[in-house]
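> Protein sequences, first through last, are from chains A and B.
So in the UniProt record's numbering, the last one in the first sequence is 355, and the numbering has no gaps at all.
So in the UniProt record's numbering, the last one in the second sequence is 355, and the numbering has no gaps at all.
The structure that follows is given in the form of C-alpha cells.
Protein chains: 2
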Amino acid sequence: MTVKSNKGVILKANPKGTPEVDKDFELAHRTIDIENLNLEENDFVLKNLYLSIDPYVRITLQEPTSSSLKYDKKIPIGQVIKGLGVSEVVKTNNPKFKVGDLVFGAIGWEEYSYIKSDIAYAFSFVNKELLKDTPLSYHVSFLRFGGLTSYASLIDIGKPKEGETIYVSTAAGLTGQLVGQIAKIKGMRVVGSTGSDEKVDFLLNELKFDAAFNYKKVDLDKALSEHCPNGIDIYYDNVGGKALEVALEHCNRLARVVVCGMISQYNITNPDERYGIKNLNNIVANSINIQGFMVTDYIGKDIEKEFEKDIIEWIKNGKIIYKETVIDGVENIPKAFVDMLNGKNVGKYVVKIAD
Amino acid sequence: MTVKSNKGVILKANPKGTPEVDKDFELAHRTIDIENLNLEENDFVLKNLYLSIDPYVRITLQEPTSSSLKYDKKIPIGQVIKGLGVSEVVKTNNPKFKVGDLVFGAIGWEEYSYIKSDIAYAFSFVNKELLKDTPLSYHVSFLRFGGLTSYASLIDIGKPKEGETIYVSTAAGLTGQLVGQIAKIKGMRVVGSTGSDEKVDFLLNELKFDAAFNYKKVDLDKALSEHCPNGIDIYYDNVGGKALEVALEHCNRLARVVVCGMISQYNITNPDERYGIKNLNNIVANSINIQGFMVTDYIGKDIEKEFEKDIIEWIKNGKIIYKETVIDGVENIPKAFVDMLNGKNVGKYVVKIAD
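Structure below.
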C-alpha cells in the first residue's frame, strides 16, 4: 500500500477583510501514490516538514485585480495555497535534488508537494552547518527570509547608530523581535509597540527592550512622546496607515523609515478605503527617508553571508532570543494563519506538517 | 544727505491659501542713514542687489502653529519677509566682511539689510572665479542652493542610470529644468509635466526633454502610461499630494522618489485638508525609496565642489541652458512671488533690487 494521505488547504473564497477559517479555506482530503507516480524530467516530490506562517500570504489570496500589490502571484479559487517551507525530497527525477535532501522553498499548504522542473531553481538546501546548532524549525524562516528580513533591512536601510532611538511596530512578531534585539546589540534605545499586555511583558522582560506599550490601550502620539523623548531616528514599520502617520510626527531630521509591511492595509480589499497619509510633508521638512524592500532584494548579496555569521554567533552566546510557537498538523494551518493576522501570536508561528 | 530710501516688504497678514499681493503684503517706505548708523561689534550693513524668489518662503508666512513644517522660522506680522539674496557690504564692523565684498545669504525683502553678528556666519562670499563666466544674477540661486538642489538630490538620491526613465513634475521651474537636463546628460529618458503649453514647448524644444505634457490638459495617469511606457525609475517630485499618488502607480521596482517639495500642499493651512496618500503599499510591493532632503544637507560636502565643477563646464560647452526672468524693483517682489506660486514663471524668477 503506497498510497498516502496528502491533505491540503485550498482557497475556497477570496477573503473580504480578515480571512475566516471556515468561509475562506477548505481542507481537501487528497491522496498521493508516490511509488507509482511518473515524474517528468527534472521534477521531484517533497514531503513537507515545516511551514512558515507569514503575513505576505494574505496578499496572494486577493482576487486578481489591477491592484498594485503585485509582489506575489494570486492563488486561484480551488487551488492549494502556497507558503515557505522546509521539506524532504522523497522522489526525484532531478540530478540536483536527491532523495533525503532537506530543502527550503515555496511549497503548498499540503503534506506532499509535486515540484515541476520550471520552479526547481527556487529551492535551496538547508544549511547543514547551521543545523548542528539549531532545530529544523528555525530553518523555515528564522535562519532564512524571516531573520534576513530583520537583519538586512535594519542594517542596510535603518543604518543603526549607537545612542539613537528606534521605534518598532508589531514588535513581538518575528521581524520585530529580531529587529529590536539587533538594534540593542548596536547600542540603540529600543521602543516597541504590540497588541497585548502579555507581549509587552515579553518585550520588556525577555527581550529587554528599553520601553514597550500596548497600542490598544494608549494614544499612540502620547505614547511616542513619552517613550521616545529624543524623537525617533529609525521607525521600523510593519503597520502602515495611521500608525505611520503618527510616527512621522515624531521622526527626527534625517530619520529612516524602514517599511517592512503595512499589515493594517492588507485586509482592505477596496483601494479607496485605504488610509490616506496626510503628513508626507514631514519627509521634506526633516529630510526623511522612507524605504520599502523585499527580502529577495538581499538574496545572494554579501549581507546574506554576514547575517548567517552574526546570527549564529548571537544565538550561541545568548545575545538573541528567538521565540516560536510550533503548531501541529496541516489541518491547523488556516487557524494559525488567521490568528497570526489577528496578532494572537507571541513570536513566530510555524506549522509542523510531518516529522 | 546720507539718508537713503530703504523700502521693504512686510507681512501684513498670514495668507489663507494662495497669498494675495494687496491683502497679505505691504510696501513700507522706510529710510536708512548709513553714514550715521552705529554698528555694534561684528554687525554689518548690506545693499541688496538680487533676491531669489523661492517656494519655501511660503511656509515662513504661515501662522506659527504646532504644525510640523518646522524647517524655517515663521515671519511675524509687521516684519520684513526674508529670502536668499546677493548683496554688497556697504558698512561693516566685522573684520571678515569688508566694504565692497559681494556676499550671499538670507536677507530681507528690502533695499538694505542690517545684519547682526549672530547670523553673520550664515553669509558667504560670491565665488569670484565663477563670476568671470556668469552674470551676478546666477549667483543668487542657480550657482547656489537652486542649482545644488537639483544636482545633489538627483545624483545622491535619484542615482540616475543610463536608459532609465525619470519623470519630473513642475519641470519648467529652476529645479525641474536643471534636473531634466542633468538627467539627459546622464543618458536617461526625461519626461516632464508643467502647467502651460508655452512651458511644454520650452521643455521639448529648448531643453530637449524626450516628452512633456501640460498637466492641466491631460489625465495624469494616462499621460504617464503614454510617456513612460517602461515605467518610472526616478520620480522627481515637486508637487506631492495626488500627483505623487498617481506617479507611485507607475514606479518600477527599486524606483527612487526624490521629494524636493510638495508645492500642492503649501497653501493648505489646515493639516486635515491635506491630501491623503493611499497607495504607500507600493513602497513595499516594489521596494521603492522615497526620500526628502534639504539643500543644506549637502552644504560643505564633496558633492558641492563636484556641482560647481560640473555646472560651469556644462554651461560653457552649452550642455545646460538656464532660463531666468529678472524683475526690477523691491516693490515688485510680492507679485513675482505670487506669480511664481501660481506657476506663471518660465524658469527662475529673480528680482533685481539695485545695480
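Note that CB positions come from ideal geometry on N, CA and C, so glycine has one too.
Asp297/A touches chain B at which residues, Cβ-Cβ below 8 Å?
The residue labelled residue 297/A in the question sits at position 297 within the first sequence. Leu254, Ser287, listed in chain order.
> Suppose the cutoff is 6 Å on Cβ atoms and the five residues either side in sequence are ignored; what does the same chain contact list for Gly163/B look like?
Residue numbering aside, residue 163/B sits at position 163 when the second sequence is read from its first letter. Excluding residues within five positions, none has a Cβ falling inside 6 Å.
> Contact defined as beta carbons within less than 8 Å: I believe Lys82/A pairs with Ala106/A. What is the distance between those atoms, to the nearest angstrom?
Counting from 1 along the first sequence, the entry for residue 82/A is found at position 82. Counting from 1 along the first sequence, the entry for residue 106/A is found at position 106. That pair is a contact at about 5 Å.
> CA-CA distance, Ala152/A and Asp339/B?
If you number the first sequence from 1, residue 152/A lands on position 152. If you number the second sequence from 1, residue 339/B lands on position 339. If you take the alpha carbons of Ala152/A and Asp339/B, they lie about 47 Å apart.
> Does the beta carbon of Phe293/B come closer than 8 Å to any beta carbon on chain A?
To locate residue 293/B, count along the second sequence from 1; it is residue 293. It does: the Cβ of Phe293/B has a partner Cβ on chain A nearer than 8 Å.
> For Gly231/B, which residues of its own chain have a beta-carbon under 6 Å away from its beta-carbon, when the five flanking residues on both sides are left out?
Numbered from 1 along the second sequence, position 231 holds the residue referred to as residue 231/B. His250, Asn252.
> Please report the distance separating the alpha-carbon of Ser117/A from that of Lys96/A.
Counting from one through the first sequence, the residue named residue 117/A turns up at place 117. Counting from one through the first sequence, the residue named residue 96/A turns up at place 96. If you take the alpha carbons of Ser117/A and Lys96/A, they lie about 11 Å apart.
> Are the CB atoms of Phe142/A and Gly174/A within a distance shorter than 8 Å?
What you label residue 174/A is simply residue 174 of the first sequence in a count that begins at 1. What you label residue 142/A is simply residue 142 of the first sequence in a count that begins at 1. The sequence given here has Leu at residue 174/A, not Gly. Contact: yes.
> Among the residues of its own chain, which have a CB less than 8 Å from the CB of Lys4/A, if the five just before and after it don't count?
As a first step, residue 4/A must be located in the first sequence, where it is residue number 4. Only Thr31, Ile32, Asp33, Ile34, Glu111, Tyr112 meet the Cβ criterion.
> Short of 8 Å Cβ to Cβ, which residues in the stretch 262-286 of chain B face chain A?
Cβ contacts with chain A: Met262, Gln265, Pro271, Asp272, Arg274, Tyr275, Gly276, Ile277, Lys278, Asn279, Leu280, Asn281, Asn282, Ile283, Val284, Ala285, Asn286.
> With 8 Å set as the bound, which would you pick, yes or no: does the beta-carbon of Val259/B sit closer than that to a beta-carbon of chain A?
Numbered from 1 along the second sequence, position 259 holds the residue referred to as residue 259/B. With 8 Å as the cut-off, Val259/B counts as an interface residue toward chain A.
> Check whether the stretch 155-162 of chain B touches the stretch 183-190 of chain B, counting contact only when three or more Cβ pairs, one atom from each stretch, lie closer than 8 Å.
Yes, since at least three Cβ pairs between the stretch 155-162 of chain B and the stretch 183-190 of chain B fall closer than 8 Å, the two stretches touch.
> DSSP on Leu11/A, reduced to helix/strand/coil?
By one-based count along the first sequence, residue 11/A stands at place 11. Leu11/A: strand per DSSP, three-state reduction.
> Between Ala212/B and Leu203/B, is the Cβ-Cβ spacing less than 8 Å?
Walking along the second sequence from the start, residue 212/B turns up at place 212. Walking along the second sequence from the start, residue 203/B turns up at place 203. Yes, the pair counts as a contact, with Cβ atoms nearer than the cut-off.
> Do Leu224/A and Tyr167/A have their C-beta atoms closer together than 8 Å?
Start at 1 with the first residue of the first sequence, and residue 224/A comes out as number 224. Start at 1 with the first residue of the first sequence, and residue 167/A comes out as number 167. It is a contact, given that the beta carbons lie within the stated cut-off.
> Can you give me the start and stop residues for the beta strand (DSSP E) that Ile32/A sits inside?
Within the first sequence, numbered from 1, the residue matching residue 32/A stands at position 32. Counting along the chain, the beta strand (DSSP E) containing Ile32/A begins and ends at 31-33.
> Go ahead and label Glu324/B buried or exposed: buried means 16 or more other beta carbons lie within 10 angstroms of its beta carbon, across all protein chains shown.
Against the second sequence, residue 324/B aligns to sequence position 324. Counting Cβ neighbours within 10 Å, Glu324/B comes out buried, since at least 16 surround it.
> From the DSSP output, read off the bridge partner residues of Leu27/A.
Here residue 27/A refers to the residue found at position 27 of the first sequence. Per DSSP, Val9/A.
> By the three-class DSSP mapping on this structure, what secondary structure does Lys70/B have?
Counted from its first residue, the second sequence places residue 70/B at position 70. In this prediction, Lys70/B scores a pLDDT of 48, lower than 50, which makes its location untrustworthy; the coordinate-derived value is nonetheless stated afterwards. Coil.
> Pull out every residue of the stretch 144-161 of chain A whose Cβ sits closer than 9 Å to any Cβ of chain B, in chain order.
Per Cβ criterion, the list reads Ile157.
> Return the chain-ordered list of same chain residues with a C-beta closer than 8 Å to the C-beta of Ile75/A, the five sequence neighbours on each side being excluded.
The sequence position of residue 75/A within the first sequence is 75, counting from 1. Around Ile75/A: Leu11, Thr60, Leu61, Ile81, Lys82.
> Does any residue of chain B bring its CB to less than 8 Å from the CB of Ile290/A?
If you number the first sequence from 1, residue 290/A lands on position 290. Judged by the 8 Å Cβ criterion, Ile290/A is in contact with chain B.
> Hey, Asn93/A and Glu40/A: beta-carbon distance below 8 Å or not?
Within the first sequence, residue 93/A is the residue found at index 93, counting from 1. Within the first sequence, residue 40/A is the residue found at index 40, counting from 1. Going by C-beta atoms, Asn93/A is nearer than 8 Å to Glu40/A.
> In chain order, what residues of the same chain lie with their CB nearer than 8 Å to the CB of Ala255/B, ignoring the 5 residues before and after it?
Start at 1 with the first residue of the second sequence, and residue 255/B comes out as number 255. Excluding residues within five positions, the ones whose Cβ falls inside 8 Å are Gly231, Ile232, Asp233, Ile234, Tyr235, Asn286, Ile288, Asn289.
> Under the three-state reduction of DSSP, which class applies to Gly163/A: helix, strand or coil?
For this step, residue 163/A is matched to residue 163 along the first sequence. Looking at Gly163/A - three-state DSSP - the assignment turns out to be coil, as it is neither helix nor strand.
> Under 7 Å: does the beta carbon of Ile166/A sit that close to some heavy atom of the ligand MN?
This structure does not include the ligand MN; it has no bound ligands of any sort.
> By DSSP's criteria, Ala106/B is part of a beta bridge. Which residues make up the other side?
Working through the second sequence from its first residue, we reach residue 106/B at position 106. The partner list for Ala106/B (beta bridge, DSSP) reads Leu84/B.
> Looking at Ile299/B: is its Cβ nearer than 8 Å to the Cβ of Leu130/B?
Taking the second sequence and counting its residues from 1, one reaches residue 299/B at position 299. Taking the second sequence and counting its residues from 1, one reaches residue 130/B at position 130. No, Cβ-Cβ distance for Ile299/B and Leu130/B is not below 8 Å.
> Is Val218/B helix, strand or coil by DSSP?
One-based indexing of the second sequence puts residue 218/B at position 218. Here Val218/B sits in coil by DSSP.
> Closest Cβ-Cβ distance between Gly347/A and chain B: below 8 Å?
By one-based count along the first sequence, residue 347/A stands at place 347. Output row for Gly347/A: interface = no.
> Gly146/B by DSSP, collapsed to three states: which one?
Position 146 of the second sequence, counted from the first residue, corresponds to residue 146/B. If DSSP states are grouped into helix, strand and coil, Gly146/B belongs with the helices.
> Residues in the same chain with beta-carbon distance under 8 Å from Leu84/B, minus the five sequence neighbours each way, listed in chain order, please.
Residue numbering aside, residue 84/B sits at position 84 when the second sequence is read from its first letter. These residues qualify, in order along the chain: Leu51, Ser52, Asp54, Phe104, Gly105, Ala106, Ile107, Val140, Ser141, Arg144, Phe145.
> Of all the CB atoms in chain A, is at least one closer than 8 Å to the CB of Gly195/B?
For the purposes of this step, residue 195/B is taken as the residue at position 195 of the second sequence. With 8 Å as the cut-off, Gly195/B does not count as an interface residue toward chain A.
> Buried or exposed for Tyr322/B, please, with buried defined as at least 16 other CB atoms from any protein chain shown within 10 angstroms of its CB.
Here residue 322/B refers to the residue found at position 322 when the second sequence is read from its first residue. Its Cβ being crowded by 16 or more others within 10 Å, Tyr322/B is buried.
> Ignore the nearest five residues each way along the sequence and tell me which others in Tyr114/A's own chain have a CB closer than 6 Å to its CB.
Locating residue 114/A in the first sequence gives position 114, counting from the first residue. Once the five neighbours on either side are set aside, the close Cβ partners of Tyr114/A are Val45.
> Where do the ends of the beta strand (DSSP E) carrying Val190/B lie?
In the second sequence, counting from the first residue as 1, residue 190/B sits at position 190. Here the beta strand (DSSP E) through Val190/B covers 189-194.
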